[in-house]
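Novice:
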Amino acid sequence: MTGPLAGIRVIDFGQYIAGPLTAMLLADHGADVIRVDPPSGPTWKTPANATWNRGKRSIALDLKQAADREAAQALIAGADVVVEGFRPGVMDRLGLGASAALAADPRLIYCSLPGFASDDPRAQMPGWEGVIGAATATYRPPMDTPKGPPAYTAIQIASHFAAFQAAVAIVMALVARERSGLGQRIEMPLFDATFAAIGAHGLLIDGGVAGGRPDDFWGGLFECGDGRWVFFSGSTPRFRRRFVDAAGIQSWEAEGLLDIPRMTRDPELGSQLRPRLRALFKTRPALEWQELGAAAGVPITVSRTSAEWIAEDHARAAGIVREVADPALGPTWQPGRAVRLSAFPDEPLRPASRLDADRASVLAEAARPAGTVTSTHAALTQALGGIQVVDVSLVLAGPTAGRTLAEYGARVVKINGPREEGAGYRTSVHRYHTDVNRAKETILLDLKDEAGRDVFFNLVRQADVVVQNFRLGVPERMGIGYEQLRAIKPDLIHVSVSAFGYSGPWGNRPGYEPNAQAATGLQTRFGGDDAPLMQPFAVNDYGTGLLGAFGAGLALYHRAKTGQGQRVEAALAYTGTLLQSAHLNDYAGKVWDEPRGRAARGTGPLHQMYQAADGWLFLGASEDQVSMLASVDGLAGCEALAGDALAAFLEARLVAGSVEQWVTALTAAGLAAARVVTSVPAVMVDPWVVAHGLSVTRPHDTGEQITTVGPGVRLSRTPATPGRPAATPGADARAVLQQAGSAEAFPALAERGVVLERP
Numbered sequence: 003m004t005g006p007l008a009g010i011r012v013i014d015f016g017q018y019i020a021g022p023l024t025a026m027l028l029a030d031h032g033a034d035v036i037r038v039d040p041p042s043g044p045t046w047k048t049p050a051n052a053t054w055n056r057g058k059r060s061i062a063l064d065l066k067q068a069a070d071r072e073a074a075q076a077l078i079a080g081a082d083v084v085v086e087g088f089r090p091g092v093m094d095r096l097g098l099g100a101s102a103a104l105a106a107d108p109r110l111i112y113c114s115l116p117g118f119a120s121d122d123p124r125a126q127m128p129g130w131e132g133v134i135g136a137a138t139a140t141y142r143p144p145m146d147t148p149k150g151p152p153a154y155t156a157i158q159i160a161s162h163f164a165a166f167q168a169a170v171a172i173v174m175a176l177v178a179r180e181r182s183g184l185g186q187r188i189e190m191p192l193f194d195a196t197f198a199a200i201g202a203h204g205l206l207i208d209g210g211v212a213g214g215r216p217d218d219f220w221g222g223l224f225e226c227g228d229g230r231w232v233f234f235s236g237s238t239p240r241f242r243r244r245f246v247d248a249a250g251i252q253s254w255e256a257e258g259l260l261d262i263p264r265m266t267r268d269p270e271l272g273s274q275l276r277p278r279l280r281a282l283f284k285t286r287p288a289l290e291w292q293e294l295g296a297a298a299g300v301p302i303t304v305s306r307t308s309a310e311w312i313a314e315d316h317a318r319a320a321g322i323v324r325e326v327a328d329p330a331l332g333p334t335w336q337p338g339r340a341v342r343l344s345a346f347p348d349e350p351l352r353p354a355s356r357l358d359a360d361r362a363s364v365l366a367e368a369a370r371p372a373g374t375v376t377s378t379h380a381a382l383t384q385a386l387g388g389i390q391v392v393d394v395s396l397v398l399a400g401p402t403a404g405r406t407l408a409e410y411g412a413r414v415v416k417i418n419g420p421r422e423e424g425a426g427y428r429t430s431v432h433r434y435h436t437d438v439n440r441a442k443e444t445i446l447l448d449l450k451d452e453a454g455r456d457v458f459f460n461l462v463r464q465a466d467v468v469v470q471n472f473r474l475g476v477p478e479r480m481g482i483g484y485e486q487l488r489a490i491k492p493d494l495i496h497v498s499v500s501a502f503g504y505s506g507p508w509g510n511r512p513g514y515e516p517n518a519q520a521a522t523g524l525q526t527r528f529g530g531d532d533a534p535l536m537q538p539f540a541v542n543d544y545g546t547g548l549l550g551a552f553g554a555g556l557a558l559y560h561r562a563k564t565g566q567g568q569r570v571e572a573a574l575a576y577t578g579t580l581l582q583s584a585h586l587n588d589y590a591g592k593v594w595d596e597p598r599g600r601a602a603r604g605t606g607p608l609h610q611m612y613q614a615a616d617g618w619l620f621l622g623a624s625e626d627q628v629s630m631l632a633s634v635d636g637l638a639g640c641e642a643l644a645g646d647a648l649a650a651f652l653e654a655r656l657v658a659g660s661v662e663q664w665v666t667a668l669t670a671a672g673l674a675a676a677r678v679v680t681s682v683p684a685v686m687v688d689p690w691v692v693a694h695g696l697s698v699t700r701p702h703d704t705g706e707q708i709t710t711v712g713p714g715v716r717l718s719r720t721p722a723t724p725g726r727p728a729a730t731p732g733a734d735a736r737a738v739l740q741q742a743g744s745a746e747a748f749p750a751l752a753e754r755g756v757v758l759e760r761p
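Residues 3 to 761 in this note's numbering are what the sequence shown spells out, letter by letter.
Following this line, the structure appears as structure tokens:
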């Protein structure tokens, strides 16, 4: 096996999504992953197991039997990484817990992905995806019907974000182990993981909401002449100008419809634009608008279904979806690798093994000796302490990658342009700066100016990682492309974030979060047949940022082994595809029947939202728990029902009581249930959330008390930290210039506008 993790052995005890997906991300990059299932196979019988278990070897063990527990202990003893997703305490009771394993081998990295944290009052409640989504305000009413019922999304945001962050943490723990010789315990609860997806939605300024997406006069979903929909992003002046030229509506500029400040001052003028755009898009079919945008360099993307995306030429040509010869399903199209590393070819993905197919080889290799603890940094407290990063990315995805590296201890310098346009700090300083740039130093530096580039090059000479999200070819035209920077710093790691990847027919197309949601099927999946609908959070942006940090961690680990730098690539479309891993697969006989549309309430009567007398609750149970459900006062008789009849029975009964009454009764019976919270601010001020650092409120240099999400992952030796509050853009200019050896140039640079100390 090739990849930066070649030689790393992972034991995967996970079930459902989060644990298997975490281990899959490691297997995709060369780790030897041994999949441990019960003799009956994975708990969830789903075709998606072909994706989550690809590239892994398989052994079946009954952990209730002493002999099989001994075999599992032997596997752990020979491992570098253990991944498990049971409720807290289960693995300890089996004799397979982290404390005993780390005592036997201090180099082990042991990662747990429970539904709720070990110190959460809900720790022993089953962590069903829907219950966690309900508790984290994931199922809010859509923005266009704020007083309507909550909307269920079939995208398992908590599970996927837990896997993304667990994979990052494991790789950072491997980097730390290279430096300290010691492993550690990691806990990534699914509830806590969701805060990374909440992101700027959780921003509060002096207690008030401040992180919403800014109004975009020119952007949004538009129905076209053929009844299909496109998402058009007109967030920057250059996109608007290109669009009016390509569409032949240059007269709109003379009318003032390109002048955002003027329309803001003149609501009557601003009110004219949206109806005219709606009428304009009705004049052509959707695909024609998309091609017009591609030719003009404007983000216009057809809102596809997932089935259309998996068959799209670009998705296949760019490896965003890959064909895998699964032994059970046959040829199967499924999401490709989430990140690409230039030092390793994007080789074909190996299929999942049949259940227990690798028993002999796995058991024969189980007892390899543990490594020796050797270290020159035994007191290491941050995995990336001493690592330096230069972050020149914009909006959310790239900055999230830089912020994640900072949470693990890297020193990150954030560079923005003094005259930045579009979705940046001038558009919404809190959404596009305060949240994603905490823990960083900030400078406003003009990279189009030779003197500004000289400062940048001096920073690169000291850097380990550069993060950027320019379009294909733009960094090279600016003189800051990978090869150009590698000439300055040969072992540099260059992380690039794009919309659709840099290869394939769409390699040079611009795009933002909504464009990637449209292209990959996320909007159509959520909106259903009526109209596409944006997912509840900016899942592509934040997910891509986390995966970009994962790629940077892989590259740092590889460099620690070899001294070699490389280019890392992440993309919104890669992430949008992977987020649908439970559904986005295609094989003979595939039926696209998963829940979709704003009327969806869950995946079935035992995993569904129900209306109570004073609100909504989410019930989570398995089919073998129906008798437990029937034991709840008022629900007797449900054990004789199934399907729609059971759902109708529960709807009729649950609406008669309060949310608190039912949640108390259901959880007392051993089932999972939670109030459907429809307010993100309510989640952010929850006392448990605040006490555990998932919501962090601090004074900023503006004098405001600013609340942001904090890191949810827990590492026992090198914990992730929120870092210092984000300073006003440009406030660290003098300190950064000092670091670059250009402190004496500050007056001249400031006078010319190459550097701004404050916007």
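Glycine residues also receive a C-beta, built at the ideal position from the N, C-alpha and C atoms.
So what does residue 325 bridge to, in DSSP terms?
Specialist: Answer by DSSP bridge pairing, in chain order: 335.
Novice: Pull up the CB-CB distance for residue 517 and residue 233, whole angstroms please, since I reckon it's below 8 Å.
Specialist: So it is a contact: roughly 6 Å between Cβ atoms.
Novice: Would you check if the distance between the CB atom of residue 570 and the CB atom of residue 498 is smaller than 8 Å?
Specialist: Yes. Within cutoff.
Novice: Looking only at DSSP bridge pairs, what is residue 609 linked to?
Specialist: 606, 622.
Novice: At which residues does the alpha helix (DSSP H) containing residue 126 begin and terminate?
Specialist: From DSSP, residue 126 is part of no alpha helix (DSSP H); its letter is neither H nor E.
Novice: The alpha helix (DSSP H) that contains residue 490, what's its start and end?
Specialist: That run of the alpha helix (DSSP H) goes 484-490.
Novice: Going by the CB atoms, is the gap between residue 427 and residue 397 shorter than 8 Å?
Specialist: It is not a contact, given that the beta carbons lie outside the stated cut-off.
Novice: Contact defined as beta carbons within less than 8 Å: I believe residue 552 pairs with residue 169. What is the distance between those atoms, to the nearest angstrom?
Specialist: 5 Å between Cβ atoms; contact.
Novice: Which whole runs of the alpha helix (DSSP H) in the segment 396-453 are 4 residues long or more, in chain order?
Specialist: With a minimum length of 4 residues, the continuous alpha helix (DSSP H) runs that stay inside the segment 396-453 are 399-409.
Novice: If residue 440 sits next to residue 710, beta carbons under 8 Å apart, how far is it from one beta carbon to the other, in whole angstroms?
Specialist: At roughly 6 Å, the Cβ-Cβ gap stays under 8 Å, so residue 440 and residue 710 are in contact.
Novice: Is it buried or exposed, residue 729, if we count other Cβ atoms within 10 angstroms and call 16 or more buried?
Specialist: By the 10 Å Cβ count, residue 729 comes out buried.
Novice: Tell me the residue span of the beta strand (DSSP E) that contains residue 233.
Specialist: Note, residue 233: beta strand (DSSP E), 231-234.
Novice: Would you kindly work out how many angstroms separate the C-alpha atoms of residue 313 and residue 52, rounded to a whole number?
Specialist: C-alpha separation (whole angstroms): 18 Å.
Novice: Thinking just about the alpha-carbon of each residue, which of 556, 663, 141 is nearest to the one in residue 536?
Specialist: It is 141 whose Cα lies nearest to the Cα of residue 536.
Novice: Taking the CB atoms as reference points, tell me whether residue 494 and residue 567 lie closer together than 8 Å.
Specialist: In contact: residue 494 and residue 567 (Cβ atoms closer than 8 Å).
Novice: In the segment 287-328, which residue ranges form an unbroken alpha helix (DSSP H) of at least 4 residues, counting only runs that do not cross its ends?
Specialist: Runs found: 288-298, 308-313, 315-319.
Novice: Since residue 316 and residue 197 should fall inside the 8 Å C-beta cutoff, what is the C-beta to C-beta distance between them, to a whole number of angstroms?
Specialist: About 32 Å separates the two Cβ atoms, so there is no contact after all.
Novice: Give me whichever residues DSSP pairs with residue 393 in a beta bridge.
Specialist: Residue 393 is bridged to 416, 469.
Novice: Quick one: grab the DSSP three-state call for residue 707.
Specialist: Reduced to three states, the DSSP call for residue 707 is strand.
Novice: Taking the alpha carbon of residue 562 as the reference point, which residue from 144, 72, 182, 757 has its own alpha carbon closest?
Specialist: Answer by Cα proximity: 182.
Novice: Please classify residue 145 as buried or exposed, where buried requires at least 16 other C-beta atoms within 10 Å of its C-beta.
Specialist: Residue 145 comes out exposed.
Novice: So, residue 1 versus residue 84, is the Cβ gap smaller than 8 Å?
Specialist: Absent from the model: residue 1. The displayed extent of the chain is 3 to 761, so no value can be given.
Novice: Evaluate residue 749 with the Cβ neighbour count: other Cβ atoms within 10 Å of its Cβ, from every protein chain shown; 16 or more gives buried, anything less gives exposed.
Specialist: When all chains shown are included, residue 749 counts as exposed.
Novice: Using 8 Å as the Cβ pair cut-off and three pairs as the minimum, do the segment 595-603 and the segment 514-530 touch?
Specialist: Yes, they touch.
Novice: Rounded to whole angstroms, what's the CA-CA distance from residue 2 to residue 508? Just pull it up for me.
Specialist: This structure cannot speak to residue 2, because the chain is shown only from 3 to 761.
Novice: What is the DSSP secondary structure of residue 2, counted as helix, strand or coil?
Specialist: The chain is shown only over 3 to 761; residue 2 falls outside these bounds and no answer can be derived.
Novice: State yes or no: is the C-beta of residue 42 within less than 8 Å of the C-beta of residue 358?
Specialist: Not in contact: residue 42 and residue 358 (Cβ atoms no closer than 8 Å).
Novice: Around the Cβ of residue 135, are there at least 16 other Cβ atoms within 10 angstroms (buried) or fewer (exposed)?
Specialist: By the 10 Å Cβ count, residue 135 comes out buried.
Novice: Out of 542, 109, 721, 127, which one is the CA nearest neighbour of residue 524?
Specialist: For residue 524, the nearest C-alpha among the options comes from 542.
Novice: For residue 98, which residues of its own chain have a beta-carbon under 6 Å away from its beta-carbon, when the five flanking residues on both sides are left out?
Specialist: These residues qualify, in order along the chain: 74.
Novice: Quick one: Cα of residue 211 to Cα of residue 203, how far?
Specialist: Going by the C-alpha atoms only, they are around 8 Å apart.
Novice: Taking the Cβ atom as the reference point for each residue, do residue 223 and residue 540 lie within a distance shorter than 8 Å?
Specialist: In this structure, residue 540 does not lie closer than 8 Å to residue 223 by Cβ.
Novice: Determine the burial state of residue 123: buried for a count of at least 16 other Cβ atoms within 10 Å of its Cβ, exposed for fewer.
Specialist: Burial call: exposed.
Novice: Please list the terminal residues of the continuous alpha helix (DSSP H) segment that includes residue 187.
Specialist: No alpha helix (DSSP H) holds residue 187; the beta strand (DSSP E) holding it covers 186-189.
Novice: Just to confirm, are residue 486 and residue 390 a CB contact at a threshold of 8 Å?
Specialist: No, they are not a contact pair.
Novice: Out of 648, 618, 672, which has the shortest C-alpha to C-alpha gap to residue 660?
Specialist: With distances taken between Cα atoms, residue 660 lies closest to 618.
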